[in-house]
Each structure stands twice: as C-alpha cells, then as structure tokens.
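**Q** To start, I am sharing the structure in question, which I have written as structure tokens.
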Amino acid sequence: MTSTISEAADQSVHQPQHGAGHGEEHRDVRMFGLATFLVADGMTFAGFFAAYLTFRAVNPLPAGSTYELELLLPTINTVLLLVSSYTFHRAGQACRADRLVTSRAWLLVTAALGATFLAGQMVEYFSLPFGLTDNLFASTFYALTGFHGLHVTLGVICIAIVALQTHRGGVITARDHFGLEAAELYWHFVDGIWVVLYGLLYLL
Amino acid sequence: MTLAAPNPVAPPLSLQPQGWVRYLSFSTDHKVIGLQYIVCGFLFYLIGGLLAGAIRTELATPLSDFMPRDTYNEVLTLHGTVMIFLWIVPVVNGGFGNYLIPFYVGARDMAFPRLNAVAFWMIPPAGILLITSYLLAGAAAQSGWTAYPPLSLTTPAAGQVVWILSVLLLGGSSIFGAINFIATVLKLRRPGLKLMQLPMYCWAMLGTSILVVLSTPVLAGVLVLLSFDIVAHTGFFNPSLGGNVVVYQHLFWFYSHPAVYIMVLPAFGLVSEILPVHARKPLFGYTTMVYSIMGIVFLGLIVWAHHMFTSGTPPWMRLFFTIATAFIAVPTGIKFFNWLATLWGGKISLNSAMLFSCAFILHFVFGGITGVSLAQVPFDIHVHDTYYVVGHFHYIVYGGTVFVIFASLYHWYPKFTGRMLNEDLGRLHFLLTFIGFNLCFLPQHWLGLNGMPRRVAEYDPAFTIFNQLSSIGALLMAVSTLPLLINVVLTAIRGELAGDNPWRALTPEWLTSSPPPVENWKGEAPLVLEPYGYGRRSEEYGRKAEEVAA
Numbered sequence: 278m279t280s281t282i283s284e285a286a287d288q289s290v291h292q293p294q295h296g297a298g299h300g301e302e303h304r305d306v307r308m309f310g311l312a313t314f315l316v317a318d319g320m321t322f323a324g325f326f327a328a329y330l331t332f333r334a335v336n337p338l339p340a341g342s343t344y345e346l347e348l349l350l351p352t353i354n355t356v357l358l359l360v361s362s363y364t365f366h367r368a369g370q371a372c373r374a375d376r377l378v379t380s381r382a383w384l385l386v387t388a389a390l391g392a393t394f395l396a397g398q399m400v401e402y403f404s405l406p407f408g409l410t411d412n413l414f415a416s417t418f419y420a421l422t423g424f425h426g427l428h429v430t431l432g433v434i435c436i437a438i439v440a441l442q443t444h445r446g447g448v449i450t451a452r453d454h455f456g457l458e459a460a461e462l463y464w465h466f467v468d469g470i471w472v473v474l475y476g477l478l479y480l481l
Numbered sequence: 250m251t252l253a254a255p256n257p258v259a260p261p262l263s264l265q266p267q268g269w270v271r272y273l274s275f276s277t278d279h280k281v282i283g284l285q286y287i288v289c290g291f292l293f294y295l296i297g298g299l300l301a302g303a304i305r306t307e308l309a310t311p312l313s314d315f316m317p318r319d320t321y322n323e324v325l326t327l328h329g330t331v332m333i334f335l336w337i338v339p340v341v342n343g344g345f346g347n348y349l350i351p352f353y354v355g356a357r358d359m360a361f362p363r364l365n366a367v368a369f370w371m372i373p374p375a376g377i378l379l380i381t382s383y384l385l386a387g388a389a390a391q392s393g394w395t396a397y398p399p400l401s402l403t404t405p406a407a408g409q410v411v412w413i414l415s416v417l418l419l420g421g422s423s424i425f426g427a428i429n430f431i432a433t434v435l436k437l438r439r440p441g442l443k444l445m446q447l448p449m450y451c452w453a454m455l456g457t458s459i460l461v462v463l464s465t466p467v468l469a470g471v472l473v474l475l476s477f478d479i480v481a482h483t484g485f486f487n488p489s490l491g492g493n494v495v496v497y498q499h500l501f502w503f504y505s506h507p508a509v510y511i512m513v514l515p516a517f518g519l520v521s522e523i524l525p526v527h528a529r530k531p532l533f534g535y536t537t538m539v540y541s542i543m544g545i546v547f548l549g550l551i552v553w554a555h556h557m558f559t560s561g562t563p564p565w566m567r568l569f570f571t572i573a574t575a576f577i578a579v580p581t582g583i584k585f586f587n588w589l590a591t592l593w594g595g596k597i598s599l600n601s602a603m604l605f606s607c608a609f610i611l612h613f614v615f616g617g618i619t620g621v622s623l624a625q626v627p628f629d630i631h632v633h634d635t636y637y638v639v640g641h642f643h644y645i646v647y648g649g650t651v652f653v654i655f656a657s658l659y660h661w662y663p664k665f666t667g668r669m670l671n672e673d674l675g676r677l678h679f680l681l682t683f684i685g686f687n688l689c690f691l692p693q694h695w696l697g698l699n700g701m702p703r704r705v706a707e708y709d710p711a712f713t714i715f716n717q718l719s720s721i722g723a724l725l726m727a728v729s730t731l732p733l734l735i736n737v738v739l740t741a742i743r744g745e746l747a748g749d750n751p752w753r754a755l756t757p758e759w760l761t762s763s764p765p766p767v768e769n770w771k772g773e774a775p776l777v778l779e780p781y782g783y784g785r786r787s788e789e790y791g792r793k794a795e796e797v798a799a
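Right under this line is the structure:
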C-alpha cells in the first residue's frame, strides 16, 4: 500500500473494491470537487477585488463623490453572517451526533440569519445616496455586493433544502450527510468572502 | 469526509443508451463524452476553417472586395472564438482528456460523470448561440476574440452580448471539466499507483486544469462587468464614464495568457504519449517533464502583461513581465530536449501519428522562439498588433496543438473504433497540412516585421505577394481536410481491424479491447507501473506487473 496515511485510513473505512464490477464504490470525492469549485469561485471574487483596487488607485472619482459609506448596517450584517457560520457549525456537530432535530433547528436559525442579511442588504441598497451608474465606485460597489448577495441567496436556498431533508428517515443522516456538509463549506466560504469584501469596500 | 456512498453516478448498464444513439445522449460514459467532444469540436473546426478561408480570400487582394469591412470583422471575431473556445480547448482537454485519463489512473470513469456530461452539453448550445448571432443582420460581435473595450462597447451591442453569453457558457464548461480532471487524477488513482508513475498526459491535464480553475473565473468575472457596460451603461471600462480599459486588459490576459497553456499543455502530454510508442523508447526525463509542466503552470500565471507592452505599462511592469516570460523558455526547452532525446536512437516508425508529432516539435520550437522575441519590449513595441503576432500565435496553436490533435487522432483512432486509419491517406493528409500550414503562416512573420497590421481587410499593395502565398497555403490546408474526412469515412465502412493493441503500447488504455467496454475493463483494472518501459527485455512488463499486483 503506497497511499498516504490519511488515504490508507480512508480506505480502511471504505474498502473500495477496484475491479468489483459495475456499481462499485470508490472514495467519496464530492467534497474535494466542491472545494476545487470554491477555489474557482474565489478567483472570480479575486478578479473583482483586483479590478476594484486598481480602479481606486488609478481612476479618481468625479468631484462631489466619496468612498465613505454608512457603517452601522453593514457592520451588523457582518456580525449576522459570522454568527450564522457558528450556527451552521453547531448544526453540523448535532447532525454528526445523530441529534437531527437539534441540527434542523440550527439550520433554520442559519437560514434565518442569512435571510436577515439579505434584507439588510436591500435596506442598504435603497438608502444609499448613489445608483448603479453614478460613478466607478458606485458601479463596483453594486457589482461586488450584488455578486456576493447572489451567493448568499443561493446559500439560503441550499440551507433551506438541507433543513427540509434533516429529520428522522430523511436524506440527511448522521452517517451520510453530504448535502449538509457541502452547504456548510459553501456557507463558510461565502462568509469569508464577505469579511474581505467588508474590509475592502467599507473600511478601506 | 462522508462515509462511502454508492457511486452516485452510473445507472445500471441496461439504462445506458447503446449504439449510435449514445453519442447524441446525456451519456455519463467518459469514452462517449470524450468522443462527443472530439466530433463536436471537429465540426466547429470545419466552420472555423471556412471562416479562415473567407479571411484568406479577402486578403488575397489588397482591397476589401470579397466582403464588406464590417463583415470581415465579424468573420475574424467568429473565426478566433470558434477555433479557440469550440475546437482546440474542448478537444485537447475535454476530448482526449475524458477518453484517456480514467484509463491512465486505473478508474472506470471520471470522478463526477454527470457533471462531465453537463460540461459537454454546455458546448453545443454555446456554439449555436455564437454562430446564430452572425445570422442576425448587423448584430454580430466585431471586436475580435479579445473583445477589448472601448471597441466592444461601440460595435453592435446585441452581438457582443450574445458573444459574452456564449463565452461564459464555454468557460463554465471548461471549469466543470477541470474540476473533474483534478479530482480524477488526484483522488481516483488505482491503489498502488503513485503520482510519479502516471503517464505524462495525466500531469499535463492536472497542470492545465489548475490553470483553468485559477484563471477562467477571472475571465468570466470581467466579461460580466463588460456586459454591464454594454447593457446597463455602467462605466467600468468606458473611459468617457471614468472607467479604465487597461483593467479589462489585465483581467482578460490573466485568463487568456494561461489559455495558451490550456491549449498547448495537453498537447505536450499527448505528444509525450505518442513519441515513446512509435520510437520504442522510454520517455526521456520523466521527472523533469513533470517539474517543467508545473513550472509552466506557475510561470504561465504571472506573465500576462507581456500582451500589454503598448498599453502604457510602467517600466517596472515591463521589466518583470519580460523576465518572467523569458523564463518560460526554460521549462519549455527542457520538454523540447526531452522529446528529442526520446527520439534519439529510437526505432522510429514514421507513420502518420509520428509525422504529425515530429512536425509539432518543429513548429513548436519555431513558435516558441518567436514568442521569446515577442517578450522583449523594444521588439514587441515594433511588431505589436502586426501579422508577426498572428504568425507566432498560429505556430503555437495550429502548428503546435492542432498537429498534435491530428497525431492523436491517428494514434488513438484504432482504440476509439477498433479499426486502423489508412496510412497512405494519413501521410497525404500530413503532407498537405504541413506544406499548407507553413506556406500560410511563415510569410506572415515577414508581413508583420514589415508593418502589416492584423485585423484589417485592406492593406498596402506592397504586401500582396506574401499575402497571396499565405492564401495559397490556406487553400492547401482546406484541401488537406479532405483526405482526413475520406479516411474516416472509408475506414468506418471497411477499415483494417486494429485488434486490442496495434502499436504494442504499454499504457493502460491498450490493455483492453478496442473499442473498450463500458467501465473500461472486463476484469480488474491493470496496474501499469511503468507506462514507458519500452526496450526492456519484456515489453509485457505492464501485464507482468498486473499479475504481481493480483
């Protein structure tokens, strides 16, 4: 056996039967695939961030425009997202401990926090003094927060679906809970992106 | 890590479509998907070739007398986009990658077969979308495959938006494919098979897929911003609204320079499979090949601004990108000398696959050298946006990658179909392509050095003779497609049967029937520890190892 220790440990659990014929099992690599996808997704944000920083460094805003933004609401939103990462973590713990009812409750709390974030984002959009095409910063602001907001929306939908699946006899079980784990990784990713985005757009 | 779920993919054999229908179906069999990519890509190659023919017909005379100038711009844009995004990238990655990689890692399919099918089926709609936009009068994209603003903001908007949608779909397809390749190579290897024992194409696809995952999303992002500029009148890249066109160029080339490696690294891998088989020698310098692939991946990500030396780049940036670009010649040179050393003293059979592979080496070293010259700022500023760049580029992607695609076709066709392609027609195909290609693109270097700009329908009459030579070359290339098509049709009707392993090759795809069964092997997957063990006492080494493992 030449695989690394972790692989060996993995295989001792899975017992992959190479050559066992059709419908054979191989190691579950879906989380690995998702992680690779998130690297790609992160690169999209990295491109946006790079564009935004270059715009800021090179292209002066027209007179009368400012980079200053109201901080209270986005800061509350940041806290909401960070808390939601924790509540999702608790949901995962509960699921692995086979406490599915508790897990579902934590999931619903997470989804609610995510939805509240989106609502806060909407409130912010309607209270901002600038529109999409007012200046370069305004356009970049809406593009970045909008793209992130799409991610949050997708995340809330995924969490809601996973919550529906988490109950006795449901798809999500203590043994097999790919959906929950995938949604959790994705959610932490979306939160992490927000922290960077908050720093760059609001604090810088 | 979740516990073992049964392979979520494969429906029972009886549910997989059989016969010809499966090539038009949502099949999850990696071999079917591979061939779908290749055939679909080849159809787009024919379309792109017709467009190239139209371009060369226009350029046969100095005046724009064959088509209106706007039409010329549309044709040029479509030619570039089709050839890059619908022919080379899908075929050399998705086509041969899907067919070969599971064999090479000893798996029965890719890691995510359904995602794989989704990735393929994003391509035909994207292609149809792109081409139909050209049937709408006055609505087609005209800003070249680079879609630089502000040009892309002033040309017809509808066509440009359709172009962006199409490229976004193709980019998504490419990313899904890359995720699949990374997972398959790293996670689905047969137990007992180390990374450093994999055939070289696996490394090439791993490197390529890393590039796709890191760079394609950036292109997607910047194209979305461009579409905002067109549709919502934002000003990201619109100088009159305070925007910055150079940011577009940076982000575009952050993908599109690696895209050259996305097109050519898999070709490196394929040629590294073909040369040892037909020279009956082990691949020279396996380890250095692996490190040079990874070196190219790393350097490929940090050289993009050498496309922008005339875009007002500051001196430090020019210096950095010149040096970084020149460094790429090192890993590339290592690969070049390794191929030569593989051939050196080999028992070479100069069949069609080998002829195309050798021509690849020749063209690639020429295109590589003109590439290094383009990395030098003073020279680049002189020839920027001239036919010199066009010539260089086609030596890499046509003389390089497309020649390897043809070599691979002759090499693996027996595995795909169970029948051999006709060698005489193959050599005729090679001869016409080789002469036509060099006649078409070699004079373009001269044209560029003397100042003929690219992307123009009219030019100074002083350039006529070399343009006509180039057009004659293009005609030869068009003719060269005929022997290939005839060959494929004739072979399908009554080709010589190939048997399992007509080349006496050692890589795992040959250790099964031709064409291989669904799930690749009837019994257990073979363990091939030395895929290039040619010239040893027993060329059955691969099989022996398999018995030992069992």
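Top line first, the protein sequences correspond to chains X and L.
Quick note, the numbering used here runs 277 ahead of the 1-based positions in the first sequence.
Quick note, the numbering used here runs 249 ahead of the 1-based positions in the second sequence.
Glycine included, each C-beta is placed from N, C-alpha and C at the ideal position.
Closer than 9 Å between beta carbons: that is the criterion. Which residues of the region 383 to 416 of chain L meet it against chain X?
**A** The region 383 to 416 of chain L vs chain X, Cβ under 9 Å: nothing.
**Q** At which residues does the alpha helix (DSSP H) containing ILE654 (chain L) begin and terminate?
**A** Segment 652 to 666, the alpha helix (DSSP H) holding ILE654 (chain L).
**Q** Mark VAL480 (chain L) as exposed unless 16 or more other C-beta atoms lie within 10 angstroms of its C-beta, in which case mark it buried.
**A** exposed
**Q** Would the region 643 to 658 of chain L and the region 504 to 521 of chain L be scored as touching if the rule is three or more Cβ pairs under 8 Å?
**A** yes
**Q** Please state whether DSSP places THR326 (chain L) in a helix, a strand or coil.
**A** helix
**Q** Taking the alpha-carbon positions, what's the LEU746 (chain L) to VAL288 (chain L) distance?
**A** 21 Å
**Q** Assuming PHE533 (chain L) contacts ASN587 (chain L) under a Cβ cut-off of 8 Å, what Cβ separation, rounded to an integer in Å, is found between them?
**A** 5 Å
**Q** Does chain L have any CB closer than 7 Å to the CB of MET320 (chain X)?
**A** Interface residue (Cβ-Cβ distance to chain L less than 7 Å): MET320 (chain X) is classified as such.
**Q** Can you tell me whether LEU437 (chain L) is helix, strand or coil according to DSSP?
**A** Coil at LEU437 (chain L), not helix or strand.
**Q** Anything in chain X within Cβ reach of GLY492 (chain L), meaning under 9 Å, just list it in chain order.
**A** PHE332, ASN336, LEU413 and SER416
**Q** Can you give me the C-alpha to C-alpha distance between ALA301 (chain L) and ASN671 (chain L), rounded to a whole angstrom?
**A** 28 Å
**Q** For GLN693 (chain L), report the span of its alpha helix (DSSP H) as first-last.
**A** Counting along the chain, the alpha helix (DSSP H) containing GLN693 (chain L) begins and ends at 672 to 698.
**Q** Could you tell me whether the Cβ atoms of PHE486 (chain L) and VAL494 (chain L) are closer together than 7 Å?
**A** Yes, the Cβ-Cβ distance between PHE486 (chain L) and VAL494 (chain L) is below 7 Å.
**Q** Do the region 753 to 765 of chain L and the region 604 to 614 of chain L touch if we need at least three Cβ pairs shorter than 8 Å?
**A** Judged by Cβ distances under 8 Å, the region 753 to 765 of chain L makes no contact with the region 604 to 614 of chain L, as fewer than three pairs qualify.
**Q** Any beta carbon from chain X within less than 7 Å of VAL462 (chain L)'s own beta carbon?
**A** yes
**Q** Bridge partners for LEU234 (chain L) per DSSP, in chain order?
**A** Because chain L here runs from 250 to 799, residue 234 (chain L) falls outside it and cannot be looked at.
**Q** Taking just the CA atoms, how far does ALA469 (chain L) sit from THR635 (chain L)?
**A** 28 Å
**Q** Go ahead and pull the three-state DSSP assignment for HIS299 (chain X).
**A** Residue confidence is low: HIS299 (chain X) scores 43 on pLDDT, short of 50, so the model does not pin down where it sits. No coordinate-derived value is stated.
**Q** Using the three-state DSSP reduction, which class does THR635 (chain L) fall into: helix, strand or coil?
**A** strand
**Q** Spatial neighbours of GLY298 (chain X) within its chain, please: C-beta separation below 6 Å, excluding the five flanking residues on both sides.
**A** Here GLY298 (chain X) scores only 41 on pLDDT, less than 50, and its place in the model is too uncertain to base an answer on.
**Q** What are the uninterrupted segments assigned as alpha helix (DSSP H) that are 4 or more residues long and contained completely in the region 500 to 582 of chain L, given in chain order?
**A** 535 to 549
**Q** Could you list which residues in chain X have their beta carbon closer than 9 Å to that of GLY484 (chain L), in chain order?
**A** THR410, ASN412, LEU413 and SER416
**Q** Identify which residue in L:GLY561, L:TYR540, L:MET557 and L:GLY594 has its Cα closest to the Cα of ILE577 (chain L).
**A** L:TYR540
**Q** Are TRP752 (chain L) and VAL520 (chain L) close, meaning C-beta to C-beta below 7 Å?
**A** no
**Q** Excluding the 5 residues flanking LEU457 (chain X) on each side, which residues of the same chain have their C-beta closer than 6 Å to its C-beta?
**A** CYS372, VAL439 and ILE449
**Q** Would DSSP call PRO399 (chain L) helix, strand or coil?
**A** coil
**Q** The alpha helix (DSSP H) with TRP394 (chain L) in it runs from where to where?
**A** No alpha helix (DSSP H) contains TRP394 (chain L), which DSSP labels as neither H nor E.
**Q** Determine the contact status of THR457 (chain L) and ILE511 (chain L), defining contact as a CB-CB distance below 7 Å.
**A** A contact, by the Cβ cut-off of 7 Å.
**Q** Between the Cα of LEU364 (chain L) and the Cα atoms of L:ALA727, L:TRP394, L:GLY421 and L:MET543, which residue gives the shortest distance?
**A** L:GLY421
**Q** Below 9 Å between beta carbons is the criterion; list the residues of the region 345 to 372 of chain X that meet it against any residue of chain L, in chain order.
**A** Cβ contacts with chain L come from no residue of the region 345 to 372 of chain X.
**Q** Helix, strand or coil for GLN498 (chain L), going by three-state DSSP, please let me know.
**A** helix
**Q** Name the chain A residues that come within less than 9 Å of LEU447 (chain L), Cβ to Cβ?
**A** Absence of chain A from the displayed structure is noted, the protein chains being X and L.
**Q** When the distance is taken between beta carbons, is ASN600 (chain L) closer than 7 Å to LEU674 (chain L)?
**A** no
**Q** Against chain L, with Cβ distances strictly below 7 Å, would PHE325 (chain X) count as a contact?
**A** yes
**Q** Strictly under 7 Å for the Cβ-Cβ distance: is ALA317 (chain X) near chain L by that measure?
**A** yes
**Q** For PRO466 (chain L) and chain X, any beta-carbon pair shorter than 7 Å?
**A** For PRO466 (chain L), the answer is yes, since a Cβ of chain X falls inside 7 Å of its Cβ.
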